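Residue numbers (UniProt numbering): 1 to 334.
Virtual Cβ for every residue (Gly too), placed ideally from N, Cα, C.
Since we're looking at a predicted model, the values are computed, not measured.
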Amino acid sequence: MENAVPLVEVWRGALLESTHSGHAVVCDTSGNIVAAWGDPEAVIYPRSSCKMIQALPLITSGAADRYGLTSEQLALACASHNGAAIHTTRVERWLDQLGLAESDFRCGPQDPADKAAHDGLIRSGQQPCQIHNNCSGKHSGFLTLNRYMGGGPEYHEVDHPVQQAVLAAFEEVTGEDSPGYGIDGCSAPNFATSLHGLARAMAWFASAGSRSDQASAAAGRLVQAMMAHPELVAGEGRACTALMRALGGKAAVKTGAEGVFTAILPEQGLGVALKIADGATRASECTMAAMLIWLGLLESDNPVALDYCNAPIRSRLGLDAGVIRPVAGFIRPI
């Protein structure tokens, strides 16, 4: 990616071993850039960092209320979960509620990241199914919207009414016409936008409580659900869950594949979007933690902040070998 700037350093002993470059943008409620690193107009696929946008039509259509969805289900609709029992049992109940089955999903099977769930499948001689897919909550939302709309079974196709509703919401909140889409790992289209557009969308979510329109009310419900159920948005050992717990309801954060991360900051009316050029998750997590510290939402000595912003590198014997940290001077005053 052009014009990316160094954001994260990887030190081993006294030697700078690696550097991760990228782009980051902070927007206010007017969509104006408050701060930026790299190129704010760089066009990216948001991947899973925009799941709260993809979930908007689930509420604005009336489908969520028609089927009595809870805040837990709304959190799962925004989730990239570990496939742990707390996730899969809820997805199974959601399907039952709709009178649907695992075969109605179009996300594909995935081995669960949760170790207990992974080991349990091996011991029982079972194969992972689509319910274990980290996007099965999002796809449950798609199925709910599709059932409400009376659409055909291939809800993941870009010209399907479900995905066209997602596209309309995506372009509305980013303030941009999407230049195209790619197929995400869960087989749904992922619409491209600029980092500026993605940060603008996060700021729109952050200021939802100050508006009274239907879409803003939906956005507020999704943000509150994410903050209320961080364990459902990702899972144990995951940055999204750990950071939201540490933030104590001050922000909703969401990771995406290939080094994308977003944050919604309701108290400050700000939105954050970042992209690591080489797609490294360790760098996106470090950068997001650093930005939350810089924005005054997280203390630099908070154990969770230290886990990601100054992540220790240890040998297999547990020896202190190095650190992953923001580049010198990255955190600067607004």
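Ranked by how close their Cα comes to the Cα of residue 222, the residues 197, 252, 200 and 195 have 252 in first place.
Leaving aside the five residues that flank residue 13 on each side, the residues in its chain whose CB is nearer than 7 angstroms to its CB run, in chain order, 322. Close CB contacts of residue 141 within its chain, under the 6 angstroms cut and outside five residues either way in sequence, are with 55, 58 and 77 (chain order). Between residue 206 and residue 264, the C-beta gap is smaller than 8 angstroms, which places the two residues in contact. Restricting attention to 274, 234 and 248, the CA atom closest to the CA of residue 80 is found in 234.
For residue 41, the CB contacts under 8 angstroms within the same chain, skipping 5 residues up- and downstream, are 194, 195 and 196 in chain order.
Within the same chain, Cβ atoms closer than 6 angstroms to the Cβ of residue 266 are found at 206, the five residues on either side in sequence being excluded. Distances from the CA of residue 9 to each of 150, 254, 111 and 312 were compared; the closest alpha carbon is that of 312. Inside the segment 298 to 326, DSSP marks whole beta strand (DSSP E) runs of 3 or more residues at positions 311 to 314 and 320 to 326, from first to last along the chain. Residue environment for residue 285: buried (at least 16 other C-beta atoms within 10 angstroms of its C-beta). Taking the C-beta atoms as reference points, residue 212 is found no nearer than 8 angstroms to residue 191. Taking 8 angstroms as the cut-off, the beta carbon of residue 254 is found no closer than this to the beta carbon of residue 297. Where residue 59 is concerned, the enclosing alpha helix (DSSP H) starts and stops at 56 to 60. Residues 230, 231, 233, 234 and 235 of the same chain have their beta carbon placed closer than 7 angstroms to that of residue 241, with the five preceding and five following residues left out of the count. Exclusion of the five residues before and after residue 4 leaves 21, 22, 23, 38 and 277 as the residues of its chain whose Cβ lies within less than 7 angstroms of its Cβ. The beta carbon of residue 116 is closer than 8 angstroms to those of 84 and 85 in its chain, skipping five residues each way along the sequence.
Beta-bridge analysis with DSSP links residue 210 to no other residue. Sequence-distant partners of residue 226 (beyond 5 residues in either direction) whose C-beta falls short of 6 angstroms from its own C-beta, in its chain, are 75, 78, 233 and 252. The three-state secondary structure of residue 189, taken from DSSP, is strand. Residue nearest to residue 199 within the set 171, 248, 143 and 135 is 171 (criterion: CA-CA distance). Residue 291 has its alpha-carbon roughly 18 angstroms from the corresponding atom of residue 19.
Taking a C-beta distance under 8 angstroms as the contact criterion, residue 130 and residue 102 qualify as a contact pair. Around the beta carbon of residue 47, a 10 Å sphere encloses 16 or more other beta carbons of the protein chains shown; the residue is thus reported as buried.
Judged by their CB atoms, residue 181 and residue 66 are not nearer to each other than the 8 angstroms cut-off.
The alpha-carbon separation between residue 107 and residue 138 amounts to approximately 9 angstroms.
Secondary structure of residue 102 (DSSP, three-state): helix. Residue 174 counts as buried, since no fewer than 16 other beta carbons sit within 10 angstroms of its beta carbon.
Closest in alpha carbon position to residue 271, among 32, 16, 6 and 105, is 32. Residue 185 sits away from residue 246, with the two beta carbons spaced by 8 angstroms or more. Counting other Cβ atoms within 10 Å of its Cβ, residue 53 reaches 16 or more and is therefore classed as buried.
Residue 87 sits away from residue 110, with the two beta carbons spaced by 8 angstroms or more. Under the DSSP assignment, residue 148 falls in the alpha helix (DSSP H) whose first and last residues are 136 to 149. In the displayed model, residue 279 falls within coil according to three-state DSSP, outside both helix and strand. By the neighbour-count criterion, in which a residue is buried when 16 or more other Cβ atoms sit within 10 angstroms of its Cβ, residue 145 is buried.
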